[in-house]
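As they're listed, the protein sequences go chains A and B. Take 1 as the starting number for the first sequence in the working numbering and just add one per residue. Take 1 as the starting number for the second sequence in the working numbering and just add one per residue. Here the structure is laid out as structure tokens; the discussion comes afterwards.
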Amino acid sequence: MKKITIPFFDECELCAGDFVEVTGKIYCGRDAVLPHIVEMARSGTLAAAGVDMKGSLIFHTAVSCAGIAPTTTSKPEIEGSMVPLSEHGAKFHLGKGRISQETIEGLRKNGAYFLIVPPVSALLTAKMTSKRAVVHPEFGMEAFFEITVEDFPAIVAVAHGESIFAEQEGER
Amino acid sequence: MIAIDQIIQDVARLVVKASSHWDEDQVACWKKACEREDLPRARWAMEQFLKNAEAADRDQSPLCDDTGTPHPFLEIGDKAVLPAGFLEAMEVGIRKGLNDLPARPMGVRGNDLERISQCRSLHGEPGMLMPAPTQIRRMPGSRIRLTVLMLGGGPEIRSKTQAIYHMHSHDRVFEEMIQWAIPQVAALGCQPCTLSFGLGRTAVEASSLSLEAIKDGRYDVQSDVEQRITDAVNAANIGPIGLGGKTSVLATFIKVGNMRASGFRVVSMRPHCCMESRKASWEWETKA
Numbered sequence: 001m002k003k004i005t006i007p008f009f010d011e012c013e014l015c016a017g018d019f020v021e022v023t024g025k026i027y028c029g030r031d032a033v034l035p036h037i038v039e040m041a042r043s044g045t046l047a048a049a050g051v052d053m054k055g056s057l058i059f060h061t062a063v064s065c066a067g068i069a070p071t072t073t074s075k076p077e078i079e080g081s082m083v084p085l086s087e088h089g090a091k092f093h094l095g096k097g098r099i100s101q102e103t104i105e106g107l108r109k110n111g112a113y114f115l116i117v118p119p120v121s122a123l124l125t126a127k128m129t130s131k132r133a134v135v136h137p138e139f140g141m142e143a144f145f146e147i148t149v150e151d152f153p154a155i156v157a158v159a160h161g162e163s164i165f166a167e168q169e170g171e172r
Numbered sequence: 001m002i003a004i005d006q007i008i009q010d011v012a013r014l015v016v017k018a019s020s021h022w023d024e025d026q027v028a029c030w031k032k033a034c035e036r037e038d039l040p041r042a043r044w045a046m047e048q049f050l051k052n053a054e055a056a057d058r059d060q061s062p063l064c065d066d067t068g069t070p071h072p073f074l075e076i077g078d079k080a081v082l083p084a085g086f087l088e089a090m091e092v093g094i095r096k097g098l099n100d101l102p103a104r105p106m107g108v109r110g111n112d113l114e115r116i117s118q119c120r121s122l123h124g125e126p127g128m129l130m131p132a133p134t135q136i137r138r139m140p141g142s143r144i145r146l147t148v149l150m151l152g153g154g155p156e157i158r159s160k161t162q163a164i165y166h167m168h169s170h171d172r173v174f175e176e177m178i179q180w181a182i183p184q185v186a187a188l189g190c191q192p193c194t195l196s197f198g199l200g201r202t203a204v205e206a207s208s209l210s211l212e213a214i215k216d217g218r219y220d221v222q223s224d225v226e227q228r229i230t231d232a233v234n235a236a237n238i239g240p241i242g243l244g245g246k247t248s249v250l251a252t253f254i255k256v257g258n259m260r261a262s263g264f265r266v267v268s269m270r271p272h273c274c275m276e277s278r279k280a281s282w283e284w285e286t287k288a
């Protein structure tokens, strides 16, 4: 089990298949808000909104009174945000399910990783110690949130152009 | 006669239980699947699910942040007398239960067209997610049994209701059901899942029977056909959250209804996600 602290600046080498635990302040967003975050990153207005992408982790989830848990990353607005946000410094994307070869290659070029976690809401929510909406709070549970987590469990699904799903495809 | 306020309280408690609790047979099935898994990442994922179930049960918190749409299933004894206002009390209880949990606020505001496009956003109150239409069956005796099932969104994308030409062979129908299940389970993202199938004469009947199958299904009871479907999908090596491994499906539940003279059977399949089945039942005695 490798421990990761966010923001992360390549303190340790990670490989596809590594089990990790994440601690620190992470960002949360999904379909509704991530295209806006990409646009803000491109126009250079994220910092003014209090968002620092360098070494960050983006968790693909809503944040509601029912808790947090990953939604499917391959939805177009979500997967489409991964490479652009990596180009602006995001180091990790945390979600669920497979992603395309094109996205895997985009993450490789930017030294970013894709982590996955089962949708274990009760477990993950218990590890969240704070939450606040930082961009588009009017989106409610689909706003862009900053949350603080401790020892969040995950597995590295994609690293350095390699995917644990590709290995499984070969076995099937 | 059962007091209306008692019905409201009982139903509210039922919604919280269905959303936060797995029955013993379900937990035992998960533990067995976890123990027989050799692939470390698949075993790790299943361990997270079991820890999650413990945390949800302990804290009475949602198993999943998609807390699902409540589907009431009512069984009424032939000699039971329903108190006036029972269905209204049931709906009030469901609303209270969603608020008590609390569930994710997912009810969509607006008129027919506005609700389709979601242009007027969502109700802030979790309880404003209206339940699905109530299913009703009869049973012997003087009791009323209500089961509430919480059905999440992901499996609906992977559900399928369609006619299958039987060619006078039940094997042909079951093989077709397996061929439906493998790609949909692979695409679900929230494996291992539980498959439910209803076989009937119409799309409405088959869907209703599929819901009845998951309501009645016990994870420690599998017919030969149910086990055959479970084994066939598990052979595809999809595994927990698609990570590969021995368990993609924990169990299969099938309900075969009445048939009519025709060359097809309507089959309704729902691949219930890893957090399901989420269900709880309560009974009221109506005998004076």
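Think of the CB as a built atom: it goes at the ideal place given N, C-alpha and C, for glycine as much as any other residue. Nothing here was measured: the structure is a model prediction, and the numbers come from that model.
Beta carbon proximity, residue i to chain B, threshold 8 Å
i, result
"G192(A)", "Residue 192(A) lies beyond the stretch modelled for chain A, which goes from 1 to 172, so this question has no answer here."
"I68(A)", "yes"
"V120(A)", "yes"
"E171(A)", "Below a pLDDT of 50, predicted positions are generally treated as unreliable, and E171(A), at 48, falls in that range; no measurement from the model is reported."
"C65(A)", "yes"
"F92(A)", "no"
"L123(A)", "yes"
"M141(A)", "yes"
"A159(A)", "no"
"A47(A)", "no"
"A133(A)", "no"
"I252(A)", "Examination of residue 252(A) is not possible in this model, given that chain A is present from 1 through 172 alone."
"E116(A)", "Note on residue identity: the sequence assigns Ile, not Glu, to residue 116(A). Yes, I116(A) counts as interfacial toward chain B."
Test: residue i CB closer than 8 Å to a CB of chain A
i, result
"D38(B)", "no"
"K246(B)", "no"
"L243(B)", "yes"
"Q48(B)", "yes"
"W22(B)", "no"
"D59(B)", "yes"
"G189(B)", "yes"
"A232(B)", "no"
"M275(B)", "yes"
"P62(B)", "yes"
"P126(B)", "yes"
"L122(B)", "yes"
"R145(B)", "no"
"W30(B)", "no"
Buried versus exposed call for residue i [16 or more other C-beta atoms within 10 Å across all chains shown]
i, result
"Y165(B)", "exposed"
"D231(B)", "exposed"
"V221(B)", "exposed"
"A288(B)", "exposed"
"A90(A)", "buried"
"E226(B)", "buried"
"S163(A)", "buried"
"H168(B)", "exposed"
"M1(B)", "exposed"
"S56(A)", "buried"
"V173(B)", "buried"
"S207(B)", "buried"
"A187(A)", "Nothing can be reported for residue 187(A): it is not among the residues displayed for chain A, which extend from 1 to 172."
"P40(B)", "exposed"
Nearest residue (CA-CA) to residue i, options the options
i, options, result
"T148(A)", "T129(A), I4(A) and V156(A)", "T129(A)"
"F92(A)", "G140(A), T23(A) and S64(A)", "T23(A)"
"Q26(B)", "C193(B), G244(B) and A236(B)", "C193(B)"
"H123(B)", "F139(A), P119(A) and K127(A)", "F139(A)"
"M294(B)", "G242(B), H170(B), E175(B) and P240(B)", "Because chain B in this structure spans residues 1 to 288, residue 294(B) falls outside the shown range and cannot be described."
"G152(B)", "L87(B), S19(B) and D5(B)", "S19(B)"
"L129(B)", "E114(B), L149(B), R104(B) and I144(B)", "R104(B)"
"T45(A)", "V134(A), E142(A), V158(A) and I155(A)", "V134(A)"
"G80(A)", "V38(A), G50(A) and H136(A)", "V38(A)"
"F145(A)", "P35(A), K127(A), K96(A) and V51(A)", "V51(A)"
"L123(A)", "I68(A), A62(A), P35(A) and K25(A)", "I68(A)"
"A143(A)", "I6(A), A32(A), A16(A) and D18(A)", "A32(A)"
"P70(B)", "T286(B), S281(B) and E285(B)", "S281(B)"
"G17(A)", "V117(A), K54(A), E105(A) and A126(A)", "V117(A)"
"F9(A)", "A157(A), P76(A) and K54(A)", "K54(A)"
"C119(B)", "V108(B), N52(B) and G217(B)", "V108(B)"
Cross-chain neighbours of residue i in chain E, by beta carbon under 8 Å
i, result
"A62(A)", "This model lacks chain E altogether; the protein chains it does include are A and B."
For the segment 121-172 of chain A, which segments carrying the beta strand (DSSP E) assignment without a break, of at least 3 residues, lie completely within its bounds, in sequence order?
128-135 and 144-159
So, does the segment 256-272 of chain B touch the segment 194-209 of chain B, judging by three or more C-beta pairs under 8 Å?
yes
Enumerated in chain order, which unbroken segments of the alpha helix (DSSP H) with a length of 4 residues or greater are wholly contained in the segment 22-59 of chain A?
As far as the segment 22-59 of chain A is concerned, its whole alpha helix (DSSP H) runs of at least 4 residues are 34-43.
Give, in chain order, every unbroken run of the beta strand (DSSP E) that is at least 3 residues long and sits entirely within the segment 65-97 of chain B.
69-77
Three or more C-beta pairs closer than 8 Å, one from the segment 241-249 of chain B and one from the segment 178-197 of chain B: is that the case here?
yes
Taking contact to mean at least 3 C-beta pairs separated by less than 8 Å, is the segment 143-158 of chain A in contact with the segment 64-78 of chain B?
no
Okay, do the segment 127-144 of chain B and the segment 41-49 of chain B touch, 3+ Cβ pairs below 8 Å being the bar?
no
Three-pair Cβ contact test at 8 Å for the segment 233-242 of chain B versus the segment 177-184 of chain B:
yes
Determine, using beta-carbon pairs with one atom in the segment 108-121 of chain B and one in the segment 134-142 of chain B, whether at least three such pairs fall under 8 Å.
no
Alpha helix (DSSP H) runs wholly inside the segment 138-206 of chain B, at least 4 long, in chain order
154-158 and 170-188
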